[in-house]
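Enquirer:
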């Protein structure tokens with residue numbers, strides 16, 4: 001599933017420059033078009049939904065919705081990356097190794113929890129609004145990051161660590177200059193999974209009163225207005241594809257850098 | 262007599278004091294939650310938010326003391342982790358879990374006025390935290406005692422039975438029980454519908470996925486394209502995909518009467534199943550493909566040398582060897598589908614998600630729990646069951 005560290009080390013990929021920014025730019029441009037110029041496509045949506053009074057979702061601007069969506073996903077991502085990577089580092093150190101089996105087990109078990117259920121359980125505790133969706137995203141996004149941080153750090157061969165130690169490096173130096181750079185591709189893959197899942201899950205926040213890109217979808221389903229649904233779905237899909245292709249570029253650059261060194 | 266025998270075995274020698282830090286800290290977390298958070302909440306009727314009650318009010322002095330003793334017992338035993346202590350700890354964790362509904366009965370007796378038939382008791386934050394941390398303790402103990410999955414599962418079944426008995430015979434005031442009693446038929450049919458949707462989606466995608474993986478092995482050019490399409494599908498949020506399917510299917514249903522007769526419509530089971538199958542294909546195809554590819558060529562060569570024909574080689578060598586990884590794909594897919602089916606309730610497909618979204622709409626949190634908890638349990642049970650099956654089928658594994 002995830003690329004192992006040794007794979008990305010041994011295979012030197014040809015470093016192509018030109019086409020790698022193509023996809024993020026393309027998806028990003030489409031996303032911007034759909035956010036800023038949704039009303040230009042009014043005839044199209046009129047064709048989908050000829051009888052509706054309104055065909056363009058206007059309870060909030062798409063720019064605002066996109067901003068709120070990114071805000072929620074962004075906060076959750078920053079917190080999960082910090083906590084997840086820190087937890088992964090802590091349990092692979094000597095002093096934290098007691099917690100390693102439990103955390104590893106938990107990280108694989110956590111994938112079993114459906115995001116809807118996590119969100120539904122967060123609402124009774126935290127009430128309606130943006131807070132439960134942020135907390136649900138944090139809980140759900142944490143596990144891929146922890147799992148991949150563990151896999152990445154454990155995948156670093158002990159000979160390399162021994163060599164670093166023999167060169168007189170201190171434990172912190174070994175961590176920052178040897179282990180983390182080598183584990184970075186795997187950790188980044190975890191962050192990518194986490195963020196992509198969270199963009200999709202954040203849309204569910206619209207059902208608990210958090211206003212974001214899920215809003216048009218939910219209100220379209222409730223009012224039977226397909227045009228709203230298409231607008232919301234299109235924008236979220238484009239956002240997910242933009243971010244995902246950005247991560248793809250990032251991963252490729254990281255891999256290229258490691259094999260260059 | 263080698264040199265190794267003369268050396269002291271380092272593992273038996275205790276360098277001072279080695280408590281099990283994990284269990285000690287878990288025990289401290291539980292104690293803190295028990296005393297600082299609300300243990301139960303009491304609401305006069307369904308819609309009003311409950312008022313929280315701490316440990317003393319909920320259990321009274323004797324009960325709170327007993328609970329504190331039991332919870333600190335875990336921490337104290339974990340300070341000297343021997344094999345026997347771990348077993349005692351396992352017993353203690355199970356006993357505490359089984360006593361938790363009894364505690365609820367006690368607080369229902371203490372807090373709820375019999376004059377108020379509408380009053381209901383909710384489990385407070387402390388209850389959920391303690392329950393969750395106890396499950397963590399169980400995971401930790403299972404790892405320390407090297408138990409297989411079977412024993413903890415059996416013990417948990419016992420605990421579940423205890424909860425069920427208490428809920429059926431002495432906990433009419435618990436909000437969850439009241440929600441269930443108000444719509445038990447609806448609940449059972451929702452569970453059945455949920456399971457039906459998941460099993461149809463998963464079995465169709467197993468068949469399709471196997472066929473697709475076979476085709477990919479034959480036509481290499483197909484492989485890249487198919488993986489690209491499936492990966493693309495996975496990036497689209499489930500809510501968006503469900504929504505996007507509404508429009509074309511509704512159009513088909515109105516314009517092609519034959520399809521409408523078959524049950525195709527914009528809202529309901531059809532779009533849900535299409536989206537579920539679309540999502541399920543990627544993990545199945547990916548795992549089937551890697552499973553079939555990773556069978557070592559030497560083994561296949563040996564089978565060929567023994568005079569096996571191509572068909573025999575596939576059915577008797579390649580497939581059995583690929584089965585564990587293939588089942589892993591089925592496990593991931595099923596668990597994912599259980600969660601996604603909950604979202605499908607939004608487009609009228611039914612299932613347990615109905616309760617979640619209805620409950621959210623009515624601000625009735627107990628109804629949300631009635632939908633969310635079974636989904637969670639279903640996912641955990643399927644995960645454990647298929648995981649155990651894959652373990653058992655691993656060649657040369659457990660027999």
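Residue numbers (our numbering), protein chains in the order written: chain A, 1 to 261; chain B, 262 to 660.
Just so you know, even glycine gets a beta-carbon here, dropped at the ideal spot from N, CA and C.
On a predicted model such as this, the values are computed, not experimentally measured, just so you know.
Let me know if residue 86/A comes out buried or exposed under the rule of 16 or more other beta-carbons within 10 Å of its beta-carbon.
Expert: Here residue 86/A corresponds to residue number 86 of the first chain, with the count starting at 1. Around the beta carbon of residue 86/A, fewer than 16 other beta carbons lie within 10 angstroms, which makes this residue exposed.
Enquirer: Give me the chain A residues within the contact set of residue 626/B, using Cβ-Cβ distance strictly less than 8 Å, ordered along the chain.
Expert: Along the second chain, read from residue 1 onward, the residue named residue 626/B stands at position 365. Result: 123 and 124.
Enquirer: Any C-beta of chain B within less than 8 Å: which residues of the segment 178-205 of chain A qualify?
Expert: 196, 199, 200, 201, 203 and 204
Enquirer: By the DSSP assignment, the alpha helix (DSSP H) with residue 530/B in it spans what residues?
Expert: Taking the first residue of the second chain as 1, we reach residue 530/B at position 269. Unbroken alpha helix (DSSP H) run through residue 530/B: 530-554.
Enquirer: So what does residue 667/B bridge to, in DSSP terms?
Expert: Since the first residue shown for chain B is 262 and the last is 660, residue 667/B is missing from the structure and cannot be characterised.
Enquirer: Which residue's Cα is closest to the Cα of residue 626/B: 119/A, 24/A and 20/A?
Expert: Position 365 of the second chain, counting from 1, holds the residue named residue 626/B. Closest option to residue 626/B, Cα to Cα, is 119/A.
Enquirer: Using the rule of at least 16 other Cβ atoms within 10 Å of the residue's Cβ for burial, across every protein chain shown, is residue 53/A buried or exposed?
Expert: On the first chain, position 53 is the one that residue 53/A refers to. Flag for residue 53/A reads exposed.
Enquirer: Taking a cut of 7 Å between CB atoms, which residues from the segment 524-556 of chain B lie near chain A?
Expert: none
Enquirer: How would you list, in chain order, the residues of chain B whose beta-carbon sits under 7 Å from the beta-carbon of residue 20/A?
Expert: Here the question's residue 20/A lines up with position 20 in the first chain. Here the premise fails: no neighbours, minimum Cβ distance about 16 Å.
Enquirer: Taking Cβ positions, are residue 143/A and residue 96/A nearer each other than 8 Å?
Expert: Start at 1 with the first residue of the first chain, and residue 143/A comes out as number 143. Start at 1 with the first residue of the first chain, and residue 96/A comes out as number 96. No, the pair does not count as a contact, with Cβ atoms beyond the cut-off.
Enquirer: I think residue 233/A touches residue 133/A, with their Cβ atoms under 8 Å apart; what is that distance to the nearest whole Å?
Expert: Position 233 of the first chain, counted from the start, is the residue given in the question as residue 233/A. Position 133 of the first chain, counted from the start, is the residue given in the question as residue 133/A. With 8 Å as the limit, residue 233/A and residue 133/A do not qualify as a contact, their Cβ atoms being about 18 Å apart.
Enquirer: How many Å lie between residue 117/A and residue 435/B at the Cα?
Expert: Taking the first chain and counting its residues from 1, one reaches residue 117/A at position 117. Taking the second chain and counting its residues from 1, one reaches residue 435/B at position 174. Spanning the two alpha carbons is a distance of roughly 21 Å.
Enquirer: Out of curiosity, what's the CA-to-CA distance linking residue 644/B and residue 363/B?
Expert: Within the second chain, the letter at position 383 stands for residue 644/B. Within the second chain, the letter at position 102 stands for residue 363/B. So the two alpha carbons sit approximately 29 Å from each other.
Enquirer: Kindly give me the distance between the Cβ atoms of residue 552/B and residue 583/B, rounded to whole angstroms, as I take these residues to be in contact under 8 Å.
Expert: Walking along the second chain from the start, residue 552/B turns up at place 291. Walking along the second chain from the start, residue 583/B turns up at place 322. Yes, they are in contact, since the Cβ atoms of residue 552/B and residue 583/B sit about 4 Å apart, within 8 Å.
Enquirer: From residue 266/A to residue 180/A, what does the alpha carbon distance come to, in whole angstroms?
Expert: In the structure as shown, chain A begins at 1 and stops at 261. Residue 266/A is therefore absent and cannot be evaluated.
Enquirer: Give every residue of the same chain whose Cβ lies closer than 7 Å to the Cβ of residue 587/B, excluding the five residues on either side of it in the sequence, and list them in chain order.
Expert: Within the second chain, numbered from 1, the residue matching residue 587/B stands at position 326. Sequence-distant Cβ neighbours of residue 587/B in its own chain, meaning closer than 7 Å and more than five residues away, are 548, 549 and 552.
Enquirer: Please identify, using Cβ separations under 9 Å, the residues of the segment 30-57 of chain A that lie next to chain B, in order along the chain.
Expert: 48 and 49
Enquirer: Quick one: residues in its chain with C-beta nearer than 6 Å to the C-beta of residue 216/A, no 5 flanking neighbours on either side, listed in chain order?
Expert: Within the first chain, the letter at position 216 stands for residue 216/A. The answer, listed in chain order, is 57, 228, 231 and 232.
Enquirer: Can you grab the Cα-Cα spacing for the pair residue 334/B / residue 624/B, in whole Å?
Expert: Here residue 334/B refers to the residue found at position 73 when the second chain is read from its first residue. Here residue 624/B refers to the residue found at position 363 when the second chain is read from its first residue. Cα to Cα, the separation comes out at about 39 Å.
Enquirer: Any idea what DSSP makes of residue 190/A, helix, strand or coil?
Expert: The residue you call residue 190/A lines up with position 190 of the first chain. Three-state result, residue 190/A: helix.
Enquirer: Would you kindly work out how many angstroms separate the C-alpha atoms of residue 392/B and residue 608/B, rounded to a whole number?
Expert: Residue mapping note: residue 392/B aligns to position 131 of the second chain, counting from 1. Residue mapping note: residue 608/B aligns to position 347 of the second chain, counting from 1. So the alpha carbons of these two residues sit roughly 33 Å apart.
Enquirer: Quick check on the DSSP output: what are the complete alpha helix (DSSP H) runs of length 4 or more inside the segment 15-51 of chain A, in order along the chain?
Expert: 22-36 and 42-48
Enquirer: Quick one: using the 10 Å Cβ neighbour count with 16 as the cut-off for buried, is residue 208/A buried or exposed?
Expert: Counted from its first residue, the first chain places residue 208/A at position 208. Per the 10 Å Cβ criterion, buried.
Enquirer: By the criterion of Cβ-Cβ separation under 9 Å, what are the contact partners of residue 694/B in chain A?
Expert: Residue 694/B is absent from the model: chain B starts at 262 and stops at 660.
Enquirer: Determine, using beta-carbon pairs with one atom in the segment 218-227 of chain A and one in the segment 241-249 of chain A, whether at least three such pairs fall under 8 Å.
Expert: no
Enquirer: Sorted by chain position, which residues of the same chain lie with C-beta nearer than 6 Å to residue 63/A's C-beta, five sequence neighbours on each side aside?
Expert: For the purposes of this step, residue 63/A is taken as residue 63 along the first chain, with counting starting at 1. If we look at residue 63/A and ignore the five residues flanking it on each side, its Cβ neighbours are 35.
Enquirer: Answer with yes or no whether the minimum CB distance from residue 141/A to chain B is below 8 Å.
Expert: Position 141 of the first chain, counted from the start, is the residue given in the question as residue 141/A. No - not a single Cβ of chain B is within 8 Å of the one on residue 141/A.
Enquirer: Let me know the secondary structure DSSP gives residue 382/B once reduced to three states.
Expert: As a working mapping, residue 382/B is identified with position 121 in the second chain. Correct three-state label for residue 382/B: strand.
Enquirer: Can you name the residues that DSSP bridges to residue 435/B?
Expert: For the purposes of this step, residue 435/B is taken as residue 174 along the second chain, with counting starting at 1. According to DSSP, residue 435/B bridges with 382/B.
Enquirer: Using a Cβ-Cβ cut-off of 6 Å (strictly less than) and excluding sequence neighbours within five positions of residue 390/B, which residues of its own chain qualify?
Expert: Position 129 of the second chain, counted from the start, is the residue given in the question as residue 390/B. Closer than 6 Å at Cβ, skipping near neighbours: 294.
Enquirer: Going along the chain, which residues of its own chain have a beta-carbon closer than 8 Å to the beta-carbon of residue 59/A, five neighbours each way excluded?
Expert: Residue numbering aside, residue 59/A sits at position 59 when the first chain is read from its first letter. 215 and 219, listed in sequence order.
Enquirer: Going along the segment 398-409 of chain B in order, which residues come within less than 7 Å of chain A, judged by CB to CB distance?
Expert: So the list reads 400, 401 and 404, given in the order they occur along the chain.
Enquirer: Starting from the Cα of residue 475/B, find the closest Cα among 579/B, 320/B, 312/B and 282/B and give me that residue.
Expert: Here residue 475/B is taken as the residue at index 214 of the second chain, counted from 1. The shortest C-alpha to C-alpha distance from residue 475/B to any of 579/B, 320/B, 312/B and 282/B is the one to 579/B.
Enquirer: Would you list, in sequence order, the uninterrupted alpha helix (DSSP H) runs of no fewer than 4 residues that lie entirely inside the segment 102-159 of chain A?
Expert: You should have 115-126 and 130-155.
Enquirer: In or out: residue 345/B buried (at least 16 other Cβ within 10 Å) or exposed?
Expert: Locating residue 345/B in the second chain gives position 84, counting from the first residue. A residue is called buried once 16 or more other Cβ atoms fall within 10 Å of its Cβ, and residue 345/B, having fewer, is exposed.
Enquirer: Considering only the beta carbon of each residue, do residue 88/A and residue 150/A sit closer than 8 Å?
Expert: Within the first chain, residue 88/A is the residue found at index 88, counting from 1. Within the first chain, residue 150/A is the residue found at index 150, counting from 1. Yes, these two residues count as a Cβ contact at 8 Å.
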